[in-house]
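Asks: Let me give you the structure first, and then I'll get to my questions.
Residue numbers (our numbering): 45 to 199.
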């Protein structure tokens, strides 16, 4: 009987767990200012950490300003990001600002996360950015970035 209950709990947990999915209409963008993300590795590390913890669907942290742009599926996760940043050694959270998630801004942060400089945006389409084990999320982000890039730059 015990084994049956454990099996049921495991199966139901697996069935009801949610994958991270990008929804341009529902998700929100927050600009988070912090201290400590002042080089490429530190900036990349803090952004990816928030994604691994499933607090952010997608992020880009600018190492020149220690400013992060985090796409989340609900406001509560902004407070969780604050706690997580403050718990990371060498980082300090300062504040946040909600921003409008426009197609142009999404493409900008996607391209910058992919390693493109602003001057290079029009020359090459976006690269696919693998979002850990989340293949559906990877594909939806990449497809949206490609769609926007095609509208804006493809002739």
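Just so it is clear, CB atoms sit at the ideal spot from N, CA and C, and this is done for glycine as well.
Among the candidates 82, 113, 161, 163, whose CA atom is the shortest distance from the CA of residue 94?
Replies: When each option's Cα is compared against that of residue 94, the closest is 113.
Asks: Determine the contact status of residue 102 and residue 115, defining contact as a CB-CB distance below 7 angstroms.
Replies: Between residue 102 and residue 115, the C-beta gap is smaller than 7 angstroms, which places the two residues in contact.
Asks: Note down the Cα distance separating residue 75 from residue 175, rounded to an integer number of angstroms.
Replies: 20 angstroms
Asks: Considering only their Cβ atoms, is the gap separating residue 137 from residue 124 smaller than 7 angstroms?
Replies: no
Asks: Under DSSP, the beta strand (DSSP E) around residue 74 begins and ends at which residues?
Replies: 72-79
Asks: Kindly indicate which three-state DSSP category residue 51 falls into: helix, strand or coil?
Replies: Any reading at residue 51 must be qualified, since the residue scores a pLDDT of 42, below 50, and its modelled position is unreliable; the value itself is stated next. Looking at residue 51 - three-state DSSP - the assignment turns out to be helix.
Asks: Quick one: Cα of residue 144 to Cα of residue 133, how far?
Replies: Looking at the two C-alpha atoms, the distance is approximately 30 angstroms.
Asks: Do you know how far the Cα of residue 196 is from the Cα of residue 97?
Replies: 33 angstroms
Asks: Alpha carbon to alpha carbon, how far is residue 129 from residue 168? Give it in angstroms, no decimals.
Replies: 33 angstroms
Asks: Please list the terminal residues of the continuous beta strand (DSSP E) segment that includes residue 142.
Replies: Run containing residue 142: 136-143, per the beta strand (DSSP E) assignment.
Asks: Going by the CB atoms, is the gap between residue 189 and residue 170 shorter than 7 angstroms?
Replies: yes
Asks: Using a 10 Å radius around the Cβ and a threshold of 16 neighbouring Cβ atoms, would you call residue 70 buried or exposed?
Replies: exposed
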